[in-house]
Amino acid sequence: MKRIGICLMGLLLLLCSATEAFAEKKTIVKIGEDIHIGEGQWVRNAISLGGQITVSGTVQSYVVALGGSVVLTRTAKVGGDVICLGGVVVLGKGAQIGGTMTEINSANLSEAISDVLNDNWEGWSWVFTIISILFFTGLLILALLIATLIPKPVNLVVEAIEGHLFQAILWGVLVLILIVPLAVLLMISVVGIVLVPLEMTLVACAALLGLVSVAQLIGSKLLALFKKNNSRALKEIFWGLLLLWILGWIPVLGWMIKIAALVIGVGGVFATRFGTHRLVPRPAVPSETA
């Protein structure tokens, strides 16, 4: 469980990196590029997504690499933790790490499977973490595809949720209540049984489209806090899903947040007829003049 917490801390660092990069010039954040900290160079944090981090100088706090490796030469000094997901950590003789070192790759996966077979809880925790990461990755890919292929329905659902939140919640609760009774009614007749899979498919599509829309709305609000008001929709969806996934690890509260996001998203989808109908605000009632 400690390792899982460290991994989540690494993701939280990545989430907060955008703000810190502007507030603190000595924090290096790169996506799809390598980071090299030369001998004698000092930085506060080094965070990379999809690139390798090579440290020969000093990192005061954290070194986080997602989808890349970390190389610490003999002169490297890291005051905090070293977190590497999807790569390896190479330590030179004399390299110093003040915190803990966490490395997740295929070798850890085989070790986790072995622990599971031996009824070791630590192994099960690794399996749950890996499954969660794989699920998040798959959902992220689907979400980006949806936003790329059908951006207009997504935008209409986002507008509906933002401008008519209460109506979206009511629709979501109504759909949630009617799913099972409607399926039971359909199963009574021979023709209705054939329609049950169609109902489940519609609900699943609504849930996916709604979750993407909620993620985009959350991401836009999050980036707005960082004064990134004109961000692309794909970037907003990425940060929104990442924040929802991280919050989902909070005991009890995490599941409540996920369910609330799902209900609101589904409600927005049905309120806009799967993103084909724009909700317009009701006209204001003119006040009577004396």
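For what it's worth, full-length UniProt numbering labels the leading residue of the sequence shown as 1, then goes sequentially. Every residue, glycine too, gets a C-beta built ideally from N, C-alpha and C. Being a predicted model, the structure only gives us computed values, none of them experimental.
Within-7 Å CB hit, residue i to chain E
i	result
S61	The chain labelled as chain E is not found in the depicted structure, where only one protein chain is given.
Given residue i as reference, the closest of the options once Cα atoms are compared
i	options	result
I31	G40, I130, G67, F166	G67
H277	S231, L156, Q167, I150	L156
W42	T58, V88, K227	T58
F144	L234, V280, D34, W239	In the sequence as displayed, the identity of residue 144 is Leu instead of Phe. Closest by alpha carbon: L234.
P153	K26, I28, V280, T272	T272
G92	M101, T73, G79	T73
V158	P181, I218, V184	I218
V88	T75, G94, V64, V184	V64
V82	Y62, V191, K258	Y62
F135	L241, G98, K227, V184	L241
G164	P197, V55, G265, V203	Correcting the residue identity first, residue 164 is His in this sequence and not Gly. Checking every option, the nearest Cα to that of H164 belongs to G265.
E162	V280, G38, K258	V280
A76	A183, G38, T102, F226	G38
M200	S189, L49, V184	V184
F274	W239, I257, A160	A160
For residue i, the three-state DSSP class (helix, strand or coil)
i	result
A46	strand
T102	strand
Q96	strand
T276	coil
T148	helix
A21	Below a pLDDT of 50, predicted positions are generally treated as unreliable, and A21, at 42, falls in that range; no measurement from the model is reported.
V88	coil
A168	helix
V252	coil
T73	coil
I6	With a pLDDT of 48 at I6, under the threshold of 50, the modelled position of that residue is not reliable, and no figure is offered here.
K258	helix
K228	coil
K30	strand
F270	helix
Expected contact under 8 Å - CB spacing of residue i and residue j to nearest Å
i	j	result
L222	A261	Their Cβ separation, rounded to whole angstroms, is 14 Å, which puts L222 and A261 out of contact at 8 Å.
A215	I237	5 Å
S231	S220	7 Å
G94	G80	At roughly 18 Å, the Cβ-Cβ gap does not stay under 8 Å, so G94 and G80 are not in contact.
Close beta carbons around residue i, own chain, < 6 Å, minus the five adjacent residues each side
i	result
L85	L66, I104
I193	M187
N45	T27, S61, Y62
V90	V71
S269	It is Val, not Ser, that sits at residue 269 in the sequence shown. V157, A206, L209, G210.
S48	K30, I35, A65, G68
T54	H36, V71
W239	G219, L222
Cut-off 7 Å between Cβ atoms - residues of its own chain near residue i, not counting five sequence neighbours on either side
i	result
V263	I169, G172, V173, L176
L142	L208
G51	K30, G32, E33, D34, I35, G68
G40	G57
I97	V78, V82
L195	L186
Contact set for residue i: own chain, Cβ-Cβ below 8 Å, skip 5 residues either direction
i	result
F166	none
I179	E199, V203
Under 8 Å: do the region 242 to 250 and the region 144 to 153 share three or more Cβ pairs, one atom per stretch?
Per the Cβ contact rule, the region 242 to 250 is not in contact with the region 144 to 153 (fewer than 3 Cβ pairs under 8 Å).
Would the region 130 to 139 count as touching the region 251 to 261 if we require 3 or more Cβ pairs under 8 Å?
Touching, no.
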